[in-house]
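Beneath this line is the structure, given in structure tokens, with notes to follow.
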Amino acid sequence: MDRPAKTITEEQAFSRMARNCAQKEYCSYDVRRKLMRMNLPDQTAEKIIERLKKEKFIDEERFARCYIHDKLRFNKWGKRKIALLLRQKQLPENLIADAFAHFSDVTLNESLLPLLKKKRATIKGRSEYEKNGKLIKYGLGRGFSLTDIMACMRKMDLDELPDETY
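Those letters in the sequence shown? Residues 26 to 191, per the working numbering, in order.
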């Protein structure tokens with residue numbers, strides 16, 4: 026048996042979304058999707074989103090900075106993958122660039138070297154060339170640039186050289 030769809034008022038939807046936005050950062054794209062799942066008309070959803078922005082429950086800049094911080098810290102992703110996902114959330118390019126400007130290049134790439142070292146220990150391949158190819162593919166999949174991956178791989182190779190003391 027199908028349950029009849031519950032109708033929700035604009036005020037109830039606003040309260041629910043305000044509560045959600047107070048607990049976790051959301052962008053307007055995420056809120057719009059949640060409101061659409063509540064079967065609210067587009068016009069009502071836009072009104073709720075504008076009110077949430079006006080009352081500072083939604084702040085796209087704050088969302089972008091927090092999103093970047095969390096993905097760097099917890100998921101250990103690179104700049105490219107994070108930027109792609111922010112674009113999927115329909116954030117403007119200039120806002121994404123401004124959010125990344127808050128983070129130094131060192132911060133953006135500090136997780137790459139430990140990730141590559143850990144992955145290198147588990148990679149199997151017939152030759153060093155094949156292992157390096159797999160390592161590069163892994164780094165690119167995590168959203169890091171080829172330049173940064175190659176720099177880290179050179180650093181790992183230098184770290185593995187034995188000390189020559191005469």
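Just so it is clear, CB atoms sit at the ideal spot from N, CA and C, and this is done for glycine as well.
Using beta-carbon positions only, say whether residue i and residue j come within less than 8 Å of one another.
i	j	result
L111	Y92	yes
R105	G168	yes
K114	Y154	no
Y51	I73	no
A38	M63	yes
M181	N157	no
M42	K31	no
K96	L140	no
Under 7 Å Cβ to Cβ from residue i, same chain only, skipping five residues before and after it: list those, please.
i	result
K144	L160, Y163
L120	E85, E86, A89
D173	N134, L137
H127	R90
Ordered along the chain, which non-local residues of its own chain (more than five positions away) have a Cβ less than 8 Å from that of residue i?
i	result
L65	I33, E35, A38, I73
L109	G168
T132	L97
K142	M181
Apart from the five residues just before and just after residue i, which ones in its own chain have a Cβ nearer than 6 Å to its Cβ?
i	result
N45	none
T69	E35
* Asked: What are the uninterrupted segments assigned as alpha helix (DSSP H) that are 4 or more residues long and contained completely in the segment 53-98, given in chain order?
  -> Entirely contained in the segment 53-98, the alpha helix (DSSP H) runs reaching 4 residues are, in chain order, 53-62, 67-79, 85-95.
* To do: Could you name each continuous beta strand (DSSP E) segment of 3 residues or more that falls completely within the segment 113-187, going from the start of the chain to the end?
  => Qualifying beta strand (DSSP E) stretches: none in this window.
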